[in-house]
Structures are given as structure tokens and as C-alpha cells.
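Data block below; observations after.
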Ligand SMILES: [Zn+2]
């Protein structure tokens, strides 16, 4: 397998975070103060206390990024409070819903036509396109002599931070081409594919339902009231094994058969059509982890070179991000997941990233890290 420059760059971009394009905003948060002395210390940061919970002494405040950081430096825990008055709750206004993402991708492709090309990876159950962007110096040509990478996000619809990081990566490469020598080298010498939203149906459902922690796609499972298949349990390596469920009502329902879903079929078709892809990066949240095969067994990758490659890149990621790197099984057992299939069937170098863990599935934009 070839050296994976792009994968290492991605670690840098993950650290850079999406906050670069986020407008300043305030977040409704709870601070674990205990008494009036604590509450006074918090108020001195310069914010208004909106409510006090006298059962435990904690306060609810509306604060900026900077103020929240200052509160944290005082030693208090800060947790987000639900605030669903808007399309996205306060603090998440800068997230992209489905329509906004499609528009943002169209805009960036139109702004940088010499290095970006849009494509559709496939069509979902509900008829939505799975949008993708190719970034390369000749985006309209297949330069199969160049190595290629696929970065894919939002397999799970309650993980919108993954979509934002993927979009931010596109913006970063586009805006730094011809400016930053390393970015320019990568764009000139690699084909970089990004599919920021593998699961549009699930995402539309989740956003329309006030962020309902929806994970799966929206397959209409027969003979049950439970919808959806877990797209990260629907691949063919050890399909139906441990860490996946045969119950359509389960969050980890693996589907009726391997690659039964239009979304996973779209991913398979993408790889079939782009045989120069050597590396796959699958972005999820949350956990601050860098995971590589295998997920279905505790046994390490048998091929010594492949194992060393995954370990070396995983360690480089860890250095760049402060995340922990490990074999996927070390987190918990999965079967039918993307990295096992990408490595085991396609022979790719394959990683799962689990992003920020600070605020669960829906971190305020300023808390990407
Ligand atoms: Zn996930």
C-alpha cells in the first residue's frame, strides 16, 4: 500500500475544526456551581445568569465560546442545555441541514471549478442524492496513476459534527490550493473524494424531529413499526455477527442481507468505479478515537505490513489530534462495519474516526475539538 499523505493531513484539519467558518454565537449551558460564591465567580466572567437550580446550586447561563472557556478554567463543569427554539438549537445554528449542505457543496464547487467537481454517489430509499465532491488538479479527468482517498461522513444521522468536519475539509483544501504548498501538492498529486453525508434520509428525519438521536437510515422494515438499518453494520465482513442485531427495532439492526441498502450499495459502487482509492476514512462521533480493523475480532490484522501501516498512521493521527488510536474491537465488537469491509474485501487502509466527545452527539459548534 502507498504512503497516505492525505490521511495525515486530515488529522491536521480535524484539529483545525469547523469553528473557523462559524459566526460567534452564544450557547445555553449549565454550570455545576454549588453555592453563591461559585455563582458569583461565574457571573464575573461577564455573562448573565438565566436561572439557578437551588436543589443542587447549579446555574444556567447563555455564554460565548470564550466565556465558557473561562468558566472551565475556573474549574467548573459546563454542559449544554437543550434549546430547540430554532431550526438547530442555540449554539448549533452554524450546522448545515440537508438543504444547506447541498447548497454549500454547490457553492464551493462553483467557486473552485478548476479543482472541484461534484458528483452523486447514489440515490437513497427516499430518493435523495448522496452528494460527493472530488478534489484534484484535473477534477474532470480520471488520473488513475494518482493515489486516491475517500473521506465519508454521516453514516449515522445523529452525528452531524462528522458532516461539518468533512465539509470543512473540502473548504480547507479549496481555499488553500495555490496558497499552502502542502495542500497544493496534495491536490496536484492525489484524487481526494469526500462524501460528507452517506445517510441523507436519516439526517433529514433527525433534524425535522428536533435532533431525536436517530442513527439508522429510513428503510421501511416489513411487518414492524420500526424503521431503519444501521449502515455501519450492513457490510459483508462477518455480516450478522456479534455487535449487530437481527431485530429491526434495534439501533444496530444489520438489515436483511449484506449490502442490502442503497447507501451501502452506493459506497460499494463508488469503490468499484475508483480502483485507485487506497485509503478510506470514515468519520463518526463521538469518542476522540482513531479505530482500524478488525472490529469483529480481537485478532489483529494478520499481514505484518498492513498491520504496521495501520498502526503507524493511527499513531500519527493520535499525535496530531490527541485522540487515542486502537484496533476497533478494543472499543467494542462490531460486525458488518465499513472499515472491516474496506480492508478485508477491498484491501484499503481504513480508519474510523470518532470525533469530539465533549457534548455527546450534538456539540455546540464552538466545541468541535
Ligand atoms: Zn457513528
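Residue numbers (my numbering): 3 to 371.
Idealized CB from N, CA, C, for every residue including glycine.
Note that the structure is predicted; figures quoted are calculated from it, not measured.
* **ligand 1 heavy atom lying under 7 Å from the CB of residue 331** => no
* Runs of alpha helix (DSSP H) lying entirely within the segment 140 to 207, each at least 4 residues, in chain order -> 162 to 178, 183 to 191
* Are the segment 257 to 264 and the segment 298 to 306 touching, with three or more C-beta to C-beta distances below 8 Å? -> no
* Asked: Since residue 137 contacts residue 189 with CB under 8 Å, what's their CB separation in whole angstroms?
  -> 6 Å
* N-terminal and C-terminal residue of the beta strand (DSSP E) that residue 273 is part of -> Taken as a continuous stretch (DSSP letters only), residue 273 belongs to no beta strand (DSSP E), being part of the alpha helix (DSSP H) at 264 to 275.
* Inter-residue Cα distance where the pair is residue 159 and residue 43 -> 39 Å
* Go through the segment 61 to 131 residue by residue and report every complete run of the beta strand (DSSP E) that reaches 3 residues or more, in order. => 80 to 82, 118 to 125
* To which residues of the same chain is residue 200 closer than 6 Å at the C-beta, ignoring the five residues directly before and after it? -> 154, 156, 157, 265
* Which of helix, strand or coil DSSP assigns to residue 57 -> coil
* Asked: Using a threshold of 7 Å, is the CB atom of residue 157 nearer than that to any non-hydrogen atom of ligand 1?
  -> yes
* Asked: Sorry if obvious, but does the Cβ on residue 256 come closer than 7 Å to a heavy atom of ligand 1?
  -> no
* What three-state label does DSSP hand residue 24 in the structure shown? -> With a pLDDT of only 33 at residue 24, under the threshold of 50, the placement of this residue in the model should not be trusted, and no figure is reported.
* Inter-stretch contact (C-beta, 8 Å, three-pair minimum) for the segment 306 to 325 and the segment 210 to 219 -> no
* To do: Compute the beta-carbon to beta-carbon distance between residue 289 and residue 356, rounded to the nearest angstrom, for a pair I have assumed lies under 8 Å.
  => 4 Å
* **Stretch-stretch touch, CB-based, cutoff 8 Å, three pairs: the segment 264 to 283 with the segment 114 to 131** => yes
* Asked: With respect to 7 Å, is the separation between the Cβ of residue 201 and the closest non-hydrogen atom of ligand 1 below this value?
  -> no
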